[in-house]
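The structure appears right after this line, and notes come after that.
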Amino acid sequence: MYLKSAYDIRDKYLRKDMLPTIFCPGCGIGSALQYTLRAIDDLGLNPDEIVWVSGIGCSSRVPGFVNFDGLHTTHGRALAFATGIKLANPNLKIIAFMGDGDAAAIGGNHFIHAIRRNLDVTVILINNFTYGMTGGQVAPTALKGLKGTTAPYGQFENPFDIADLAVSAGANYVARWSVFNYLQGINSIKKALQKEGFTLVEFLSPCPISFGRRNRMKTAPELLRWYQKITVPLSKAKKMSPEELEGKIVIGEFADRDRPGLVREYEEYKKRAKRMMGWEE
Amino acid sequence: MRYPFPVGKSDFIQGDEAIARAAILAGCRFYAGYPITPASEIFEAMALYMPLVDGVSIQMEDELASMAAIIGASWAGAKAMTATSGPGFSLMMENLGYAIMTETPVVVVDVQRSGPSTGQPTLAAQGDIMQAIWGTHGDHSLIVLSPSTVQEAFDFTIKAFNLAEKYRTPVILLTDAEIAHMRERVYIPKPDEIELVERKLPANEEEAKLPFGDPHGDGVPPMPIFGKGYRTYVTGLTHDERGRPKTVDAEVHEKLIKRIIGKIENNKHDIITYDAFELEDAEIAVISTGIVSRSAVRAVKILREKGVKAGLLKLNTIWPFDFDMIEELAEQVKKIYVPEMNLGQLYHLVKEGANGKAEVELIPKIGGEVHTPMEIVERVVG
Ligand SMILES: Cc1ncc(C[n+]2csc(CCOP(=O)(O)OP(=O)(O)O)c2C)c(N)n1
Ligand code: SF4
Numbered sequence: 001m002y003l004k005s006a007y008d009i010r011d012k013y014l015r016k017d018m019l020p021t022i023f024c025p026g027c028g029i030g031s032a033l034q035y036t037l038r039a040i041d042d043l044g045l046n047p048d049e050i051v052w053v054s055g056i057g058c059s060s061r062v063p064g065f066v067n068f069d070g071l072h073t074t075h076g077r078a079l080a081f082a083t084g085i086k087l088a089n090p091n092l093k094i095i096a097f098m099g100d101g102d103a104a105a106i107g108g109n110h111f112i113h114a115i116r117r118n119l120d121v122t123v124i125l126i127n128n129f130t131y132g133m134t135g136g137q138v139a140p141t142a143l144k145g146l147k148g149t150t151a152p153y154g155q156f157e158n159p160f161d162i163a164d165l166a167v168s169a170g171a172n173y174v175a176r177w178s179v180f181n182y183l184q185g186i187n188s189i190k191k192a193l194q195k196e197g198f199t200l201v202e203f204l205s206p207c208p209i210s211f212g213r214r215n216r217m218k219t220a221p222e223l224l225r226w227y228q229k230i231t232v233p234l235s236k237a238k239k240m241s242p243e244e245l246e247g248k249i250v251i252g253e254f255a256d257r258d259r260p261g262l263v264r265e266y267e268e269y270k271k272r273a274k275r276m277m278g279w280e281e
Numbered sequence: 282m283r284y285p286f287p288v289g290k291s292d293f294i295q296g297d298e299a300i301a302r303a304a305i306l307a308g309c310r311f312y313a314g315y316p317i318t319p320a321s322e323i324f325e326a327m328a329l330y331m332p333l334v335d336g337v338s339i340q341m342e343d344e345l346a347s348m349a350a351i352i353g354a355s356w357a358g359a360k361a362m363t364a365t366s367g368p369g370f371s372l373m374m375e376n377l378g379y380a381i382m383t384e385t386p387v388v389v390v391d392v393q394r395s396g397p398s399t400g401q402p403t404l405a406a407q408g409d410i411m412q413a414i415w416g417t418h419g420d421h422s423l424i425v426l427s428p429s430t431v432q433e434a435f436d437f438t439i440k441a442f443n444l445a446e447k448y449r450t451p452v453i454l455l456t457d458a459e460i461a462h463m464r465e466r467v468y469i470p471k472p473d474e475i476e477l478v479e480r481k482l483p484a485n486e487e488e489a490k491l492p493f494g495d496p497h498g499d500g501v502p503p504m505p506i507f508g509k510g511y512r513t514y515v516t517g518l519t520h521d522e523r524g525r526p527k528t529v530d531a532e533v534h535e536k537l538i539k540r541i542i543g544k545i546e547n548n549k550h551d552i553i554t555y556d557a558f559e560l561e562d563a564e565i566a567v568i569s570t571g572i573v574s575r576s577a578v579r580a581v582k583i584l585r586e587k588g589v590k591a592g593l594l595k596l597n598t599i600w601p602f603d604f605d606m607i608e609e610l611a612e613q614v615k616k617i618y619v620p621e622m623n624l625g626q627l628y629h630l631v632k633e634g635a636n637g638k639a640e641v642e643l644i645p646k647i648g649g650e651v652h653t654p655m656e657i658v659e660r661v662v663g
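Top to bottom, those sequences are chains R and V. Under the numbering used here, the first residue of the first sequence is numbered 1, with each subsequent residue one higher. Under the numbering used here, the first residue of the second sequence is numbered 282, with each subsequent residue one higher.
Right, here's the structure in full:
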């Protein structure tokens, strides 16, 4: 793949008057954003037909920085707003940018139901194991023992595996990478954007400020090394025992299927309604 | 356009059904909801009709999602509605505030039942008046309409859509279990008999760049809906005229909030409607809204027969509130009675309006039944 310079991508897609971003040095959100824009660019998608939706959190600030239509909503509710946008105008392609707390804690219900419906949306999920914006409380993805301001002695609850959850709930495409897997990341987003139905690309993303600092990883490189240690590629994980996988996070492509999306299902439903009422043959 | 119900003639239908039909005739093409008594029949009617008129009806996972979905649909260009009752209405509050802040036209029907909490699901109440006006956080304004008959439920639903579009704001139709479930004769007009208001769209690129500005000087910015190439950013954070977040700038915040409140307040007299019965020479005024007004009309007639110069002010719009009008009335009459199906909500507004110029007495009733006319009469004649 030929990679355009990051400056070209920035100049083409970012709102210059909104820069600089709010993101801290070493934050991974910018990388995930860059991959998404590169995927859009590579596919030659028309920005006028794309709407970015988000909830509340650092990751949810992304729609403000990109020069597209965007809806920055309430904490956790992005996918519910997206349902309205998509069904009211199916011609729009929707990208939801969300945090792990946003998607899996307060928005958990909307998340599983958007997947169950197979809402046509591409979710870019920033998993930093923490609540970045509010200063480092534990997220529902935080692995046991990780520290947050609301679990200063180390998380005692079990974490969600968001990708796993999405596969079980029925998503058409699910992949997880760390933001350091840039080629896989871009390719996954490209795949996700081309499919109908619910597609999810989860990124393990460094948050040195709110998360790293409290877990003895103050810089992005330290977090990078930690991700290298805790992530296991899917092919390798298949050969590992549950004990060996304890505390590890599997990365790779977990689902790639073509169930009909919500828009198509609703179009069929409308036809059925008219047939049943004798309005149409 | 073919309609899934008869138009241009009267029909004998429930309040909930009337609201659904009115919404379709008002151009509503997106409905999202979550079932709750006594509002479910609105949803059920929408579920039947929407696919036939190429609209969308979808059952969301909860009321937070329903409210979110209609806001999304509105930004995608659709007229959108949801309906609920007290508990669900409480869940909508956060996103109702979002609709106010982002100036999104939507219609929310709250079919009141008795609360707090799950209360009396099948019985009527007027306990959500304060919630409708002040339920969401922060300084804000919106529009609240209150019908007292099934015909009014129909008419006010159309009005709700028109006001939402005209002022780019959420409009609450505050009705109750009694009207929801009672059947009355309703005239369902033909589409060409109905006057519809459509939202103002940007006339050009310049206007589109100010989705939260005031290019026309009327406080209502044109709404650049998604997918037209305007690249609009919409946020619930305090934002400037272009929609850029400006969260710590006091001036930007004040200007935005004052415009949002001002577009309702300054157009009060266009928005507010009321009906006055026998008020010209009245010495006693009854002020009521919604279902209770029906007993109040009868009560006023009985009082007149008894020689008491009573009159009724029936409020069709609960918010914005015409405090000045109430004060004028208070200057004319000796006493104002406020019968309502709660322990005093409209009462507070009336009392503030009366401004000490007349005594204001509450006639509360809770438990699910509407005041009988005699209950009002007896309180007046003592
Ligand atoms: C209803 C509601 N509850 C709480 C908050 C406060 N809040 C803002 S962002 C956030 C969590 C952000 O974490 P995450 O979604 O993981 O995103 P990140 O900032 O890490 O990208 C919380 C709890 C809010 N804005 N709204
Ligand atoms: S707090 Fe964390 S997630 Fe938020 S911008 Fe800073 S590094 Fe990124």
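Idealized CB from N, CA, C, for every residue including glycine.
Leaving out five residues before and five after residue i in sequence, what residues of the same chain have Cβ atoms less than 6 Å from its Cβ?
i      : result
P140/R : A104, A105, F160
D521/V : K527, V533
L361/V : Checking the displayed sequence, the identity of residue 361/V turns out to be Ala instead of Leu. Excluding residues within five positions, the ones whose Cβ falls inside 6 Å are F311, I351, A354, S355, V387.
G336/V : R310
G252/R : P233, L234
A151/R : V138
E202/R : L125, N127, I162, A163, R176
S668/V : The displayed coordinates of chain V run from 282 to 663. Any statement about residue 668/V would go beyond what the structure contains.
In terms of residue numbering, what span does the beta strand (DSSP E) encompassing residue i cover?
i      : result
A566/V : 565 to 570
V467/V : 464 to 469
E253/R : 249 to 256
P620/V : 616 to 621
Going by DSSP, what residues sit across from residue i in a beta bridge?
i      : result
V121/R : F198/R
A611/V : DSSP output for A611/V lists no bridge partner at all.
G663/V : Partner(s): none; G663/V has no beta bridge.
N127/R : L204/R
A591/V : I565/V
Q228/R : DSSP output for Q228/R lists no bridge partner at all.
D457/V : Q393/V
I644/V : P620/V
M98/R  : L125/R
W600/V : V425/V
Hey, could you find the ends of the alpha helix (DSSP H) residue i is sitting in?
i      : result
P368/V : 367 to 382
H629/V : 627 to 635
V288/V : Unbroken run through V288/V: none, as it is neither H nor E.
A350/V : 344 to 356
I300/V : 296 to 306
D11/R  : 6 to 13
L444/V : 431 to 448
I583/V : 573 to 586
K274/R : 262 to 276
K239/R : From DSSP, K239/R is part of no alpha helix (DSSP H); its letter is neither H nor E.
Using C-beta distances below 7 Å, list every residue in its chain close to residue i, excluding the 5 sequence neighbours before and after it, in chain order.
i      : result
V581/V : F558, E559, V567, A591, G592, L593
G26/R  : P206, P208, T219, A220
G154/R : G145, L146, K147
P654/V : S576, R579, A580, I583
H418/V : G378
R466/V : S291, F293
Report all residues from its chain with a CB closer than 8 Å to the CB of residue i; omit the five preceding and five following residues, and keep chain order.
i      : result
D258/R : N172, K195, E196, G197
Y182/R : S31, Y35
Next on the checklist: To test your reading of the DSSP string, which unbroken alpha helix (DSSP H) runs of 4 or more residues are found completely within the stretch 139 to 215 of chain R?
Outcome noted: Within the stretch 139 to 215 of chain R, the complete alpha helix (DSSP H) runs of at least 4 residues are 162 to 169, 182 to 194.
Checklist entry - In chain order, which continuous runs of the alpha helix (DSSP H) of length 4 or greater are located wholly inside the stretch 387 to 423 of chain V? => result Taking only runs of at least 4 residues, the alpha helix (DSSP H) segments lying wholly in the stretch 387 to 423 of chain V are 410 to 415.
Next on the checklist: Which complete beta strand (DSSP E) runs does the stretch 478 to 561 of chain V hold, if anything under 3 residues is left out?
Outcome noted: The beta strand (DSSP E) runs of length 3 or more contained entirely in the stretch 478 to 561 of chain V are, from start to end of the chain, 514 to 516, 555 to 558.
Item to check | Secondary structure, alpha helix (DSSP H): runs of 4+ residues fully inside the stretch 27 to 83 of chain R | outcome: Entirely contained in the stretch 27 to 83 of chain R, the alpha helix (DSSP H) runs reaching 4 residues are, in chain order, 29 to 43, 62 to 65.
Checklist entry - Which ranges would you report for the alpha helix (DSSP H) in the stretch 309 to 340 of chain V if only whole runs of at least 4 residues count? => result Runs of the alpha helix (DSSP H) spanning 4 or more residues and lying entirely within the stretch 309 to 340 of chain V occur at 321 to 330, in chain order.
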